[in-house]
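So the protein sequences, as listed, match chains F and G. Per my numbering, residue 1 is the first one in the first sequence, and the count goes up by one each step. Per my numbering, residue 125 is the first one in the second sequence, and the count goes up by one each step. Below is one structure, written out as structure tokens; the observations come after it.
Protein chains: 2
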Amino acid sequence: MSGEPAAEFQIGMPRNYLRPALLLLLGEGTSHGYELLEQLTALGLDRPDPGRVYRSLRAMDEDGLVRSEWTPSTTGPARRTYALTSEGRDWLHALAGSLAEVSRALGSYQRRYQRLTTQDEPVR
Amino acid sequence: MSGEPAAEFQIGMPRNYLRPALLLLLGEGTSHGYELLEQLTALGLDRPDPGRVYRSLRAMDEDGLVRSEWTPSTTGPARRTYALTSEGRDWLHALAGSLAEVSRALGSYQRRYQRLTTQDEPVR
DNA sequence: CTCTCGTAGATGCACCATACACATAGCGCC
DNA sequence: GGCGCTATGTGTATGGTGCATCTACGAGAG
């Protein structure tokens, strides 16, 4: 036994998945980075990198997909709350469509994989 | 209406998707790079980069997931035919499992997205 | 009072997957 | 010989991602 599949080489979420994920969360209501950071785990991003999230939000701000404003807090540092723009909503729909294509492709993968395994090991 | 989502910023397949895709195809039978290149489109990779595919195959060869041997051809250049090893089969199962997780995450995304759109626009 | 912890936002940088271009070679055909 | 298809590669730039680090505010512990 030389090497069983290690935990290395893990499959990740789709490329550029962070944007549609953030847009979806913001579509459900305005929020700020730190809160979005926690909600992202429910969408498949395990322990997302804060720096990445904040950068993505700022980038979408500059692209006009979201707009932000500072909200002072009495219980801690100020928050930059983000809200979805109409253009951002358009992007949300478009990106959700792209994700649906990816999902369909993964479905065909799994159907093909299961067909392989079921006819490979009919015994047992 | 200021800006509709451009074709840019397309969502891609999951990170490291190429390996499980190739392993699945090789699980169905031995093949060579050029043929795999064409079959990959059926698994969601649209016009995959040949260089990437060949590199990935060589890498998996060095990792022991596949083994290769030259097969002369009378109708063209020689082919390097790849066959799945037992270790490669183990990896196939493991990676298919990881892909299933990704698929589940995307499913939750879409359910949440549709819930948003249906309650956002109940009219029609 | 200071130190630490949790909240909140942000930058710098290195790595690595991916994308794009390009090179090589055999074979069939006009 | 030149062209196109098959077939396998290499070189390199780009850009998304991961990791480390920094600042700052408020609250509670010691």
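Positions of the beta carbon are idealized from the N, C-alpha and C atoms, including for glycine.
Element boundaries [beta strand (DSSP E), containing residue i]
i                     : result
residue 54 of chain F : Taken as a continuous stretch (DSSP letters only), residue 54 of chain F belongs to no beta strand (DSSP E), being part of the alpha helix (DSSP H) at 50-63.
residue 82 of chain F : 79-84
residue 69 of chain F : 66-71
Proximal residues of chain F, C-beta to C-beta of residue i below 7 Å
i                      : result
residue 152 of chain G : 116
residue 191 of chain G : Correct list: empty, because the minimum Cβ distance to chain F is about 13 Å.
residue 222 of chain G : 10 and 11
residue 206 of chain G : Near residue 206 of chain G there are no residues of chain F at all, since even the closest Cβ is about 16 Å away, more than 7 Å.
residue 236 of chain G : 24
residue 219 of chain G : 11
Member of the options whose CA lies at the smallest distance from the CA of residue i
i                      : options                       : result
residue 93 of chain F  : F:24, F:13 and F:17           : F:24
residue 26 of chain F  : F:97, F:68 and F:118          : F:68
residue 143 of chain G : G:166, G:153, G:189 and G:165 : G:189
residue 169 of chain G : G:140, G:187 and G:179        : G:140
residue 164 of chain G : F:114, F:39, F:37 and F:109   : F:109
residue 96 of chain F  : G:211, G:212 and G:239        : G:239
residue 63 of chain F  : F:51, F:73, F:76 and F:84     : F:84
residue 178 of chain G : G:236, G:146 and G:212        : G:146
residue 167 of chain G : F:117, F:106, F:43 and F:119  : F:106
residue 90 of chain F  : F:119, F:60, F:71 and F:111   : F:60
Per-residue contacts from residue i into chain G (C-beta, under 9 Å)
i                      : result
residue 107 of chain F : 227
residue 52 of chain F  : Neighbours of residue 52 of chain F on chain G: none; closest Cβ ~14 Å, over 9 Å.
Proximity test, residue i beta-carbon vs the ligand ZN heavy atom, cut-off 7 Å
i                      : result
residue 178 of chain G : In the structure on display, the ligand ZN does not appear, and there are no ligands present to speak of.
Start-to-end residues for the alpha helix (DSSP H) that takes in residue i
i                      : result
residue 145 of chain G : 142-151
residue 134 of chain G : Looking at the DSSP string, residue 134 of chain G is not in any alpha helix (DSSP H), and its letter there is neither H nor E.
residue 33 of chain F  : 33-39
Chain F residues whose Cβ lies nearer than 9 Å to that of residue i
i                      : result
residue 138 of chain G : 11, 12, 13, 14, 15, 17, 102 and 106
8 Å Cβ cut-off: residues of chain F touching residue i
i                      : result
residue 144 of chain G : 11 and 109
residue 167 of chain G : 105, 108, 109 and 112
Contacts of residue i in chain G (Cβ-Cβ under 8 Å)
i                     : result
residue 33 of chain F : Neighbours of residue 33 of chain F on chain G: none; closest Cβ ~20 Å, over 8 Å.
Touch test, the stretch 19-34 of chain F against the stretch 70-81 of chain F, Cβ-Cβ under 8 Å, three pairs minimum
Yes, since at least three Cβ pairs between the stretch 19-34 of chain F and the stretch 70-81 of chain F fall closer than 8 Å, the two stretches touch.
Check whether the stretch 9-23 of chain F touches the stretch 212-229 of chain G, taking contact to mean three or more Cβ pairs, one atom from each stretch, closer than 8 Å.
yes
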